[in-house]
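Protein chains in written order, with this note's numbering: chain A, 180 to 467; chain B, 467 to 811. All C-beta atoms in this analysis are idealised placements derived from N, C-alpha and C, irrespective of residue type, glycine included.
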Amino acid sequence: MQSQTQYTGNSRDGCVAGGNMPIALGVTLIVLMCVVAIMAPVLAPFNPSAQSSEYVLKGPGPGGHHLLGTDEYGRDLLSRIIWGTRVSLQVGLVSVLVGFGLGVPSGLMAGFLGGTTETAIMRLTDMLMAFPTLLLALLIVTALGGSLVNEILAIGVALTPHFVRLAHSLALTTKTHDYIMAARALGGSSLRIMLRHIFPNTISTLLVVATLYIATAIRTEAGLSFLGLGVLPPTPSWGNILSEGRQYIKDCPWLTTFSGLAIMLAVLAFNLMGDALRDVLDPRLRGE
Amino acid sequence: MQQWRAVGDERLLQYVVRRLFVTIPMLLGTMSLVFFAMHVLPGDPCMAMLGDQATGQALNDCTHQLGLDRPLLVQYGDYLWQSLHFNFGYSLLNRYPVTTYILQMLPYTLVLVLASTVVAIGIGLPTGMLSAVQRRNPLIDYTARVIALLGLSMPVFWFGILLLIVFSLHWDLFPLIGGGDLSTVVEMIGSGEVFVYPGDFLAAVFDVLHHLALPALALGFTLAATVSRVARSTMLEVLNQDYIRTARAKGLRERAIVYKHALRNVMIPLLTIIGLFVALAMTGTVLTETVFTRPGLGKMLVDAIEARDYPLAQGAITVFTMIIVTVNLIVDVLYAAFDPRVAYK
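Structural data, given as structure tokens:
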């Protein structure tokens with residue numbers, strides 16, 4: 180009876196509200212974003228930096244020249260949002276790669292080797308975890324100066340402690356398994372065991388969480404750009420379009436509305452994708 | 467029995483001391499990180515203050531006056547020592563003591579965090595629980611999960627702007643900027659004038675709440691997603707427990723089971739996310755206060771970074787991390803007090 184109740188509960192939990200729709204929506208949005216980012220030069224109707232005194236702060240509309248309107252310099256908003264997709268995706272993907280690349284090896288090492296290595300790595304991680312992601316990224320990007328590369332580095336480093344923690348706990352669980360003991364008994368070196376046995380067995384969980392962190396990275400990028408600490412203008416990023424549009428919210432609300440919508444859809448897409456992947460690949464993480 | 471309790475108390479005390487010993491190096495580490503990050507800044511605060519046209523002599527004088535020409539390690543030692551005394555120096559721009567500045571701004575941020583917590587729990591707890599209890603009703607479960615996902619995906623600064631467009635600009639119901647007369651409220655409470663002029667006090671409180679409503683809603687809604695998700699998964703877990711089955715077997719109504727038995731047990735795991743929640747809320751205030759042009763620590767931090775005002779930015783980030791570290795410490799200690807197994811580990 181108990182198992183039946185549990186089974187029903189979990190299946191409903193995973194399927195009814197989930198179904199295929201969220202993952203389909205997530206995948207569609209992500210594919211769309213990738214296409215838009217890659218094809219930006221073809222898809223954008225105008226040069227995103229081209230100014231036009233004739234079309235300053237024109238409203239959106241299907242009949243006009245500019246589908247989503249223009250900003251205070253007469254730049255086409257649709258083109259800027261299309262080009263902004265590149266920035267967001269680049270920052271989202273590359274900064275998660277940076278965080279993954281720095282955090283996972285350190286976490287696996289800490290979990291597998293234990294002792295002083297573990298203490299040193301984990302104490303440093305605890306220290307970095309005291310900073311919320313945006314605050315840490317803010318601190319680093321302030322120190323380095325605003326640019327695309329610095330922003331990626333800042334967000335990547337800010338995400339690192341999260342990957343360290345996860346990899347550490349996964350390594351701790353994995354290393355107790357019999358096959359690790361067997362590998363050790365066969366004379367496998369620590370490096371070999373970590374690379375050939377522990378890492379492959381933790382990768383699915385790590386990838387799921389990485390997808391969710393892409394959403395965090397995109398949101399953090401938008402936040403930094405909004406605060407004027409991200410990609411420098413005139414390079415369009417959704418955050419700085421929104422920030423620039425702030426002073427015109429009374430008469431030209433389209434500037435903030437469309438750029439914010441783009442941020443929300445991108446974050447939503449990766450959240451949906453991450454959630455769906457988590458349910459499929461790693462039911463243990465469900466609901467966390 | 468008495469002896470058992472004494473042993474338990476001793477363990478708890480040991481745990482608290484151990485936890486404190488972990489917290490101190492952590493605070494020291496975060497403060498060092500803040501200091502060194504701020505001091506490898508490419509910008510020059512004197513240049514920021516005096517402008518591009520400043521002469522070399524003026525820049526040198528300014529650097530000397532601010533103590534920025536001292537060796538980095540001397541500045542570092544000084545910063546740590548002064549921070550221990552809650553003295554974060556003087557703002558470079560207006561020579562105002564940073565601590566006074568922070569103390570003025572802190573109430574605005576704390577009020578915002580508190581109000582958005584109320585909003586987050588008010589939205590997150592019912593939606594999360596409803597979604598779990600009604601998981602067989604796709605419409606309710608789906609709606610609740612979509613609300614949670616939206617909250618998770620919607621940047622607070624965008625939601626804030628949408629609220630401003632609709633409620634401040636279009637309907638003119640709420641103020642566009644500012645934080646209200648919080649200092650008057652605090653002063654009146656401090657001096658006891660609240661009893662002498664209750665009318666003025668209520669007017670000031672109303673003014674504060676009027677300014678607080680939209681920022682708290684914006685930040686609270688984005689935080690509600692976290693509460694909702696944890697509430698949902700915990701509720702699902704709780705509903706599968708034996709005592710719920712026993713309650714059902716006793717013939718209790720579903721409502722009584724949910725409110726009397728499940729709700730209390732959902733609240734405890736929710737406490738564990740307080741640390742995470744406070745961290746998210748404090749970060750959220752940076753963006754929320756900027757969007758609503760509301761005074762507070764977050765806005766102060768952003769302004770200080772823009773102006774390259776080291777001591778002010780340093781002080782703000784230090785206080786931010788101090789709050790987060792302290793909250794985590796309190797949560798851990800409370801947890802050990804409630805659940806003795808934690809202290810024994």
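Give a yes or no on whether the C-beta atoms belonging to M301 of chain A and M492 of chain B are separated by under 9 Å.
-> Mapped onto the first sequence, residue 301 of chain A falls at position 122. Mapped onto the second sequence, residue 492 of chain B falls at position 26. Cβ distance not < 9 Å, so M301 of chain A and M492 of chain B don't count as in contact.
Per-residue DSSP class, three states only, for Y556 of chain B | Sequence index remark: in the second sequence, residue 556 of chain B carries index 90 (1-based). Reduced to three states, the DSSP call for Y556 of chain B is strand.
Indicate whether V622 of chain B and M748 of chain B have their beta-carbon atoms separated by less than 9 Å.
-> As a working mapping, residue 622 of chain B is identified with position 156 in the second sequence. As a working mapping, residue 748 of chain B is identified with position 282 in the second sequence. The answer is no: Cβ separation not under 9 Å.
Can you find a C-beta in chain A that's less than 9 Å from the C-beta of F623 of chain B?
-> By one-based count along the second sequence, residue 623 of chain B stands at place 157. Judged by the 9 Å Cβ criterion, F623 of chain B is in contact with chain A.
Quick one: residues in its chain with C-beta nearer than 8 Å to the C-beta of M452 of chain A, no 5 flanking neighbours on either side, listed in chain order?
-> Counted from its first residue, the first sequence places residue 452 of chain A at position 273. I202, G205, V206, I209, T390.
Check the Cβ of L268 of chain A against every Cβ in chain B and list those closer than 9 Å, keeping chain order.
-> Working through the first sequence from its first residue, we reach residue 268 of chain A at position 89. None at all; the shortest Cβ gap to chain B is about 16 Å.
Specify whether the segment 406-424 of chain A and the segment 481-491 of chain B touch according to this definition: at least 3 beta carbon pairs, one from each stretch, less than 8 Å apart.
-> no
Compare the C-beta of G439 of chain A with all C-beta atoms of chain B and state if any pair is closer than 9 Å.
-> Residue 439 of chain A sits at position 260 when you count from the first residue of the first sequence. At least one chain B Cβ lies under 9 Å of G439 of chain A.
Could you tell me which chain A residues have their CB closer than 9 Å to the CB of M504 of chain B, listed as they occur along the chain?
-> Here residue 504 of chain B refers to the residue found at position 38 when the second sequence is read from its first residue. In chain order: L318, T321, A322.
Interface positions of the segment 788-803 of chain B facing chain A (Cβ-Cβ less than 7 Å), listed along the chain = Residues I790, V791.
Terminal residues of the continuous alpha helix (DSSP H) containing R714 of chain B?
-> In the second sequence, the residue the question calls residue 714 of chain B occupies position 248. Where R714 of chain B is concerned, the enclosing alpha helix (DSSP H) stretches over 708-715.
Three-state secondary structure (DSSP) of D255 of chain A = Start at 1 with the first residue of the first sequence, and residue 255 of chain A comes out as number 76. DSSP places D255 of chain A in strand when its eight states are reduced to three.
If you pair each beta-carbon of the segment 639-651 of chain B with each one of the segment 719-733 of chain B, do three or more pairs fall below 8 Å?
-> no
Please report how far the alpha carbon of D527 of chain B lies from the alpha carbon of D535 of chain B, in whole angstroms.
-> Reading the second sequence from its first residue, position 61 is the one you call residue 527 of chain B. Reading the second sequence from its first residue, position 69 is the one you call residue 535 of chain B. Answer to the nearest angstrom: the Cα atoms are 10 Å apart.
Which word fits M620 of chain B, buried or exposed, when buried means at least 16 other C-beta atoms lie within 10 angstroms of its C-beta?
-> In the second sequence, counting from the first residue as 1, residue 620 of chain B sits at position 154. It is buried - the Cβ of M620 of chain B has at least 16 other Cβ atoms within 10 Å.
Which residues, in order along the segment 561-581 of chain B, keep a beta-carbon less than 9 Å from a beta-carbon of chain A?
-> none
Please check the pair A693 of chain B and A586 of chain B, which I expect to be a contact at CB under 8 Å, by giving their CB distance rounded to whole angstroms.
-> To locate residue 693 of chain B, count along the second sequence from 1; it is residue 227. To locate residue 586 of chain B, count along the second sequence from 1; it is residue 120. Going by the sequence as given, residue 693 of chain B is Val instead of Ala. Going by Cβ atoms, the distance from V693 of chain B to A586 of chain B rounds to 5 Å, so yes, they are a contact pair.
Under the assumption that P415 of chain A contacts R259 of chain A (Cβ atoms under 8 Å), give the Cβ distance between them as a whole number of angstroms.
-> Walking along the first sequence from the start, residue 415 of chain A turns up at place 236. Walking along the first sequence from the start, residue 259 of chain A turns up at place 80. Confirmed, Cβ separation roughly 4 Å.
So, does the CB of F554 of chain B fall closer than 9 Å to a CB anywhere in chain A?
-> In the second sequence, residue 554 of chain B corresponds to position 88, counting from 1. Judged by the 9 Å Cβ criterion, F554 of chain B is not in contact with chain A.
Hey, P664 of chain B and T754 of chain B are a contact pair by Cβ (cut 8 Å); roughly how many whole angstroms apart?
-> Looking up residue 664 of chain B in the second sequence gives position 198. Looking up residue 754 of chain B in the second sequence gives position 288. That pair is no contact at about 31 Å.
Out of A:A346, A:L444, A:S383, point me to the one whose CA is closest to L268 of chain A's CA.
-> As a first step, residue 268 of chain A is located in the first sequence; it is residue number 89 there, counting from the start. Here the closest residue by C-alpha is A:L444.
Name the chain A residues that come within less than 7 Å of S694 of chain B, Cβ to Cβ?
-> Counting from one through the second sequence, the residue named residue 694 of chain B turns up at place 228. In chain order: nothing, as chain A lies at least about 11 Å away.
Since I428 of chain A contacts I627 of chain B with CB under 8 Å, what's their CB separation in whole angstroms?
-> The residue labelled residue 428 of chain A in the question sits at position 249 within the first sequence. The residue labelled residue 627 of chain B in the question sits at position 161 within the second sequence. About 6 Å separates the two Cβ atoms, so the contact holds.
By how many angstroms is the C-alpha of Y608 of chain B removed from the C-alpha of P241 of chain A?
-> Numbered from 1 along the first sequence, position 62 holds the residue referred to as residue 241 of chain A. Numbered from 1 along the second sequence, position 142 holds the residue referred to as residue 608 of chain B. Taking the straight line from one Cα to the other gives about 34 Å.
Out of B:L705, B:L559, B:F687, B:P563, state which residue places its alpha-carbon closest to the alpha-carbon of P511 of chain B.
-> The residue given as residue 511 of chain B occupies position 45 in the second sequence. Of the candidates B:L705, B:L559, B:F687, B:P563, the one whose C-alpha sits nearest the C-alpha of P511 of chain B is B:L559.
On the DSSP bridge assignment, give the partners of T321 of chain A in chain order.
-> Residue 321 of chain A sits at position 142 when you count from the first residue of the first sequence. Note: T321 of chain A sits in no beta bridge, so no partner.
Beta-carbon gap between T304 of chain A and I631 of chain B smaller than 9 Å = On the first sequence, position 125 is the one that residue 304 of chain A refers to. On the second sequence, position 165 is the one that residue 631 of chain B refers to. Cβ atoms of T304 of chain A and I631 of chain B: not closer than 9 Å.
Find out if the Cβ-Cβ distance for the pair H505 of chain B, Q531 of chain B is shorter than 9 Å.
-> In the second sequence, residue 505 of chain B corresponds to position 39, counting from 1. In the second sequence, residue 531 of chain B corresponds to position 65, counting from 1. Taking C-beta atoms as the reference points, H505 of chain B and Q531 of chain B fail to come closer than 9 Å.
So the alpha helix (DSSP H) S368 of chain A belongs to, where does it begin and stop?
-> Along the first sequence, read from residue 1 onward, the residue named residue 368 of chain A stands at position 189. Element bounds for S368 of chain A: n/a, residue is neither H nor E.
Closest by CA to T339 of chain A, which one among A:L351, A:Y358, A:L281, A:H356?
-> Against the first sequence, residue 339 of chain A aligns to sequence position 160. Considering only alpha carbons, the answer is A:L281.
Based on Cα-Cα distance, which residue from A:I359, A:A316, A:C431, A:H347 lies nearest to M288 of chain A?
-> The sequence position of residue 288 of chain A within the first sequence is 109, counting from 1. Closest by alpha carbon: A:H347.
Looking at L478 of chain B and A722 of chain B, is the spacing between their C-beta atoms short of 9 Å?
-> Position 256 of the second sequence, counted from the first residue, corresponds to residue 722 of chain B. Position 12 of the second sequence, counted from the first residue, corresponds to residue 478 of chain B. Not a contact, by the Cβ cut-off of 9 Å.
Mark I734 of chain B as exposed unless 16 or more other C-beta atoms lie within 10 angstroms of its C-beta, in which case mark it buried.
-> Residue mapping note: residue 734 of chain B aligns to position 268 of the second sequence, counting from 1. It is exposed - the Cβ of I734 of chain B has fewer than 16 other Cβ atoms within 10 Å.
The segment 394-427 of chain A: positions lying closer than 8 Å to chain B by Cβ | A394, R398, A401, G402, F405, L406, G407, L408, L421, R425
Within chain A, the residues that G590 of chain B reaches when beta carbons sit closer than 8 Å | Within the second sequence, the letter at position 124 stands for residue 590 of chain B. Within chain A, no residue comes near G590 of chain B; the closest Cβ sits about 14 Å away, beyond 8 Å.
Is the shortest distance between the beta-carbon of F640 of chain B and the beta-carbons of chain A less than 9 Å?
-> Indexing the second sequence from 1 puts residue 640 of chain B at position 174. Cβ-Cβ to chain A under 9 Å: no for F640 of chain B.
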